[in-house]
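Each remark here refers to the structure printed beneath this line.
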Amino acid sequence: MKKTISIDHLARIEGNGSLIATIDGQVVTEVKFLINEGPRLIERLAVGKTPEEDVSLAPRICAICTLSHKNAVIRAMENALEIKVPPKITLLRELMHLGEFIESHSLHLYYLALPDYVGFPNAIAMASRFPFEVKIALEMKQFGNHIMKVLSGRFIHGENPVIGGFGRYPTKEELMFIKARAIQFMPFVHKTTELFCSLPYPDIPEEETIFACCEPGNGQYGLWGDEILVSTGEKIYRDDYPKLTNEFLVPHSTAKRSRYQGRTYTVGAQARINLLGERLKGEAEKMFRRFYNDRWKRNPLFQNPAQAIEIMYCFERIPEVIDEIFKYPQDPGIVSYTIKNGKGTGLVEAPRGLLIHHYEIKDGRITYADIITPTAQNADEIERYCLLAAQKLLEQGKEELIKDRLELIVRAFDPCVSCSAHLVEVRKIEENDWPKKLEQIRATNPIIIGLGSLGHGDDEAGLLVVTHLKRNGYVEAYWEEEVIDDETFWTKAEDHPIIFVDVLNFGAEAGKVTLIPLNHLLWNTSLTHRLMPTLLAWLTPEMIKKSYFLGIQPASLKANHLSSPVFEAIKKIVNGLKK
Amino acid sequence: MGKIKIGIYELTGCAGDALLILDCESQLLDIFQAADIEAFLMAKSDNSHGPVDVALVEGSVTTEEEKEELLAIRDRAEIVIAIGNCACEGGIQAALTASENWSKEFRQVYQDLKLTNVKPIPSQPIDAFIKVDYYLPGCPIGQEQFLTTFTRLLAGHPPELYRFPVCMECKWRENDCLLNKNLACLGPLTKGGCGAVCPSHNLPCIGCWGPAEEANRSAEFKLLLEKGFDLESIKRRMAIYAGTTIVDFFNQLKKEKS
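This is the structure in structure tokens:
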């Protein structure tokens, strides 16, 4: 029985995306986060432009994070052209960034996320029961917008920030107003943070992951830096960013994907709070100490309270920043600079996570551009958590919850699909079509590796498949013991897809077969995955991506003999694989 | 008579125009009360695909799927309004359409990947496929022009759109002319409505609202040349936000020169 749950046109996210989950019996075999935005080729548009033209062009990638893009591209250009700006300019850029965080986080939390937790289709409908919250949200968002407008010139795509400074500097009165208003907001901010920190976040899915964000330096919390901090402890210098992202393409998305050492990772407020939360001060620190716990490391829905704590951070930081700005009464204008050849990377934290801009400049023109957005980095992580959640709910017999839960997860990541790139489809396979899939993989000359042990009933199934294949003249079929220590084998194997064959308890009738992409199996803790770590160590991320796991539902692992349904399954598999 | 039905749709772009509508915080609840918002994907999940009186379409067409969606929107809408530079001109992404090297550029980014979810095509403004009744230009659109248009539509009147270049707004604000300060400002060639925001911040206009329709472009170009500005850089800068519409003009300019 194959079934799909699909959410087309994910609503209440920014841009056009959808999610498809495929269910085969008791296994979720596939989750795809589809980014359906048309390709805009922004990185190619940048080529041939001057650095100044690109500073206007690149933020057009996204209206929500327009100022994050602005700060990232400016940082990249100033690094490439070796421009140093006076502290007042850096402080004003930070203020502008804080405005965007307030605007984006309040929009996401109240308008996009909260309706799910209180059972309304949208924030306007929610206004009838929560008039106060909806009003706060509007005012907070308006305040964020106000800061952005004062600093950047308009709400969206403001052009006032330029390489080397600002076209116009805000007046003392404008800054005083922002400071006073930020202080006035504090009671509302408290209410917001408490509300989102105490919502009942469901405990599916929960699993540890890797986090990455900018290292702001000086032991401070902050929204940009010259290094990337990874939860493994690694620090990556800005120009070495591909060590983190390792971008690759997938056919179901116009946005590229990222993996760190072959593993998916999370960026965004949750990453920042987990990595930098200990550095918070004031009321934000109190909130962090009161609400933070281990679940914040495992459950992507905690992106929401993490954003709420950041709203508090922003409101506390604004008066500090403005007081510092007042120490520099002189407006520095635009720092003069000369155009030269060079390369530069700009790292900032956009509200939804790490944003990277990298450019190469030659003879006054951009010759290469690379832009990596937070949603592109989170896309694989979204698929992984959705798969986990769908599998867990399926096992608990709560299939009817899958669709809504997946929407909740996707939305928590606050994906901004226009960056790269509407919502959830769950497919249940009506007729198991593994023979057809196997036939397709067969055409790519896969290596078959049989796993298992003799004398434990059905556990020898994987080994028997290989034995029969060998007898039928299939060259690339091996028992696990043949290859486990053979380095030459694994070097040679790099160019081929690998199919691991083993028994797998996926809650179906004995003898049922399922074919799962290997990376899905690795994400899936609830399935008894029996792949030995020593075996996995040989596999590169590239190999994992194209490899599969062919699982046979055993009848018993204790009996002395192979059960007859499993024997029938072995015959079918061997017939499907031999020429 | 019931409330007028409005649909807000997003094709490919940065979603800035839809966001700008959400950014009308003080008027937002009024907007949702005064009209039935039938579809607004960014703001609500209960979206309908029924007939509407007014469809506001943001973004350019960059996939076959979007073309189909756009044709369906035209079929069920009385009035279609293009909102924002992408819908009106094709957007920054249309610069490659005009360059005729689109497939090559596409391969530079996506290599030989066969996308399974969408069929990409070079970016086009929406009037390349359907009849458009009104255009609200801007990158993003202006709140003032959007709200005026919205209230006129509510009252059953056709919108009155601005027909002047950025320079006019500079004059109203009594800004010093940046061309006189030797800054290559695109104000004379660009649609007004933004409030001359860049020149008011001492920065030259970048042309993001698209080329002004009634400007005597050839004469403006001559003036800019006489003032000693570099023609190639003016053309390159204009082309960034002028989408497909500027190509004919550049051809005409070439003829005049020869």
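Line by line, the protein sequences give chains A and B.
Reminder that position 513 of the first sequence reads as 512 in numbering that gives the first Met the number 0, one-by-one numbering, no gaps.
Reminder that position 95 of the second sequence reads as 94 in numbering that gives the first Met the number 0, one-by-one numbering, no gaps.
All C-beta atoms in this analysis are idealised placements derived from N, C-alpha and C, irrespective of residue type, glycine included.
Item, Value
"For chain B, check one thing: does any of its Cβ atoms lie closer than 7 Å to the Cβ of residue 313 of chain A?", "no"
"Strictly below 9 Å CB to CB, what residues from chain B border residue 44 of chain A?", "91, 92, 94, 95, 104 and 239"
"Would you decide whether residue 232 of chain A is buried or exposed? Buried here means 16 or more other CB atoms lie within 10 Å of its CB.", "exposed"
"Can you tell me whether residue 474 of chain A is buried or exposed? The criterion is at least 16 other CB atoms within 10 Å of its CB, across all chains shown.", "exposed"
"Counting contacts by CB-CB distance shorter than 7 Å, is residue 196 of chain B in contact with chain A?", "yes"
"Would residue 385 of chain A pass as an interface residue toward chain B - the criterion being a Cβ-Cβ separation below 7 Å?", "no"
"Could one say the Cβ of residue 174 of chain B lies closer than 7 Å to chain A's Cβ atoms, at least one of them?", "no"
"In the structure shown, what three-state DSSP assignment does residue 138 of chain B receive?", "coil"
"Near residue 198 of chain A, what residues of its chain come up, given a Cβ to Cβ distance below 6 Å and the 5 sequence neighbours on each side ignored?", "116"
"Exposed or buried, residue 11 of chain A, counting other C-beta atoms within 10 Å across all chains shown (16 or more means buried)?", "Confidence at residue 11 of chain A is low in this model, with a pLDDT of 46, below 50, so its placement is unreliable and no value can be given for it."
"From the beta carbon of residue 24 of chain B, is the nearest beta carbon of chain A less than 7 Å away?", "yes"
"Can you tell me whether residue 200 of chain B is buried or exposed? The criterion is at least 16 other CB atoms within 10 Å of its CB, across all chains shown.", "buried"
"Are residue 57 of chain B and residue 90 of chain B touching if we call contact CB-CB under 7 Å?", "no"
"Relative to the alpha-carbon of residue 184 of chain A, which residue among A:219, A:218, A:224 and A:138 has its alpha-carbon at the smallest distance?", "A:138"
"Report the three-state DSSP secondary structure of residue 169 of chain A (helix, strand or coil).", "coil"
"Measuring only between beta-carbons, confirm whether residue 526 of chain A sits less than 7 Å from chain B.", "Residue placement at residue 526 of chain A cannot be trusted, given a pLDDT of 45 that sits under 50; what the coordinates show is reported in the next sentence. No, residue 526 of chain A lies away from the interface with chain B (no Cβ there is under 7 Å from its Cβ)."
"Would you kindly work out how many angstroms separate the C-alpha atoms of residue 504 of chain A and residue 511 of chain A, rounded to a whole number?", "10 Å"
"For a test of the three-state rule: what should DSSP assign to residue 242 of chain B, helix, strand or coil?", "coil"
"Which one of B:204, B:86, B:240 and B:232 has the shortest CA to CA distance from residue 168 of chain B?", "B:204"
"Measure from the alpha carbon of residue 35 of chain B to the alpha carbon of each residue in B:50, B:23 and B:22, then state which is nearest.", "B:50"
"If we cut at 7 Å on Cβ distances, does residue 153 of chain A have a partner in chain B?", "yes"
"Nearest-angstrom Cα distance between residue 243 of chain B and residue 227 of chain B?", "27 Å"
"If you measure from the beta carbon of residue 249 of chain B to each beta carbon in chain A, is any gap under 7 Å?", "no"
"Quick one: residues in its chain with C-beta nearer than 7 Å to the C-beta of residue 611 of chain A, no 5 flanking neighbours on either side, listed in chain order?", "It is not possible to answer for residue 611 of chain A, since the shown part of chain A is limited to 0 through 578."
"Which residues in chain A have a C-beta closer than 9 Å to the C-beta of residue 45 of chain B? List them in chain order.", "10, 120, 121 and 124"
"Closer than 6 Å by C-beta to residue 237 of chain A: which residues in its own chain qualify, once you throw out the five before and the five after it? Chain order, please.", "225, 344 and 346"
"In the DSSP assignment, what residue or residues form a beta bridge with residue 208 of chain B?", "Answer by DSSP bridge pairing: none, since residue 208 of chain B is not bridged."
"Tell me the rounded alpha-carbon separation between residue 166 of chain B and residue 186 of chain B.", "5 Å"
"Below 7 Å CB to CB, which residues in the same chain sit around residue 518 of chain A once its five sequence neighbours on both sides are set aside?", "543 and 544"
"With a CB to CB cut of under 6 Å and the five nearest residues on each side skipped, what residues in its chain are close to residue 205 of chain A?", "297 and 298"
"Is there at least one Cβ from chain B nearer than 7 Å to residue 55 of chain A's Cβ?", "yes"
"Residues of chain D with a CB under 9 Å from the CB of residue 138 of chain B: which are they?", "Judged by its chain identifiers, the structure shown contains no chain D, and its protein chains are A and B."
"Report the rounded CA-to-CA distance for residue 122 of chain B versus residue 93 of chain B, giving the unit in angstroms.", "5 Å"
"Less than 7 Å between the C-beta atoms of residue 30 of chain B and residue 53 of chain B, yes or no?", "no"
"Any idea if residue 143 of chain A is buried or exposed, counting beta-carbon neighbours within 10 angstroms, 16 or more meaning buried?", "buried"
"Quick one: is residue 479 of chain A buried, meaning 16 or more other Cβ sit within 10 Å of its Cβ, or exposed?", "buried"
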